[in-house]
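Residue numbers (our numbering): 804 to 1090.
Please read the structure below before turning to the comments.
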């Protein structure tokens, strides 16, 4: 698809997520009919951070909509790494659990990487382990990080041809920026990673045919930073319902742009549910 400068067309993640969730619900119902078992997602939350608790409740509600059982483990705020790892290891060994989600952040006193690595790769439906990252990087079977996976589905939905395009990823987190770059590279894009220490960030942004904003700073990227006709995916979310991109100015220069909210966020949860159903299918040995 050839991109022309703005006003940008919105990339509707809400509608696509609804369709993907409907497909997941059908797959979960078929699996239950054939095996007598419904897919099960286990969520683990450390402490009572209001935002994290809200995210977990939302994910559990979406599970119900998709015919996926949810099992929640709430741990006290003072839970240390050893206990958290033991809890996740028990869920990994439980055959009635098909996917595991550790809501992060788990707290500064927790070795979050150690906790993530306690998730069995077959149940890593959030795509947070080093095993999953390696599979993404090498194009091997496995589960993608959910937000990057949702971004790729959005790009496909809007027929964005990535071959030979210059994709700029602003952000290098282990569960968003880095895996997003690997998935883009696997689609033959030329990928540049930028971050908070990148010199002359606006100059790098102006080279982007496709921009993935995942830096975690509200409205850092403005319209005059963009190449005319760029595809802009804003993976940020901040108080007041704003993203990492200044939407009003960006939409006048971009060709496609994700709204905030209603763009990347719904796709993250939809991919989580789809991967949970797929994990259950694999673990139950259903062709």
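We put the beta carbon where it would ideally sit given N, CA and C, even for glycine.
Within the same chain, Cβ atoms closer than 6 Å to the Cβ of residue 828 are found at 869 and 870, the five residues on either side in sequence being excluded. In the three-state DSSP reduction, residue 873 falls in the strand class (E or B). A straight line joining the alpha-carbon of residue 863 with that of residue 1080 spans about 14 Å.
According to the DSSP assignment, residue 1072 belongs to no beta strand (DSSP E) but to the alpha helix (DSSP H) extending over 1067-1086. One Cα belongs to residue 1053, the other to residue 1068, and the distance between them is close to 19 Å. Taken through DSSP and simplified to helix, strand or coil, residue 1042 comes out as coil. Secondary structure within the stretch 886-966: the alpha helix (DSSP H) runs of 4 or more consecutive residues, fully enclosed, are 915-920, 933-941 and 949-960 (chain order). Sequence-distant Cβ neighbours of residue 935 in its own chain, meaning closer than 6 Å and more than five residues away, are 927, 945 and 946. Only residues of its own chain outside the window of five on either side were considered, and among them 917, 918 and 921 have a CB closer than 8 Å to the CB of residue 888, listed in chain order. Bounds of any alpha helix (DSSP H) do not take in residue 846; it lies within the beta strand (DSSP E) bounded by 843-849. Distance between residue 1033 and residue 844, taken at the CA atoms: about 37 Å. In this structure, the beta-carbon distance from residue 1027 to residue 1061 does not fall below 7 Å.
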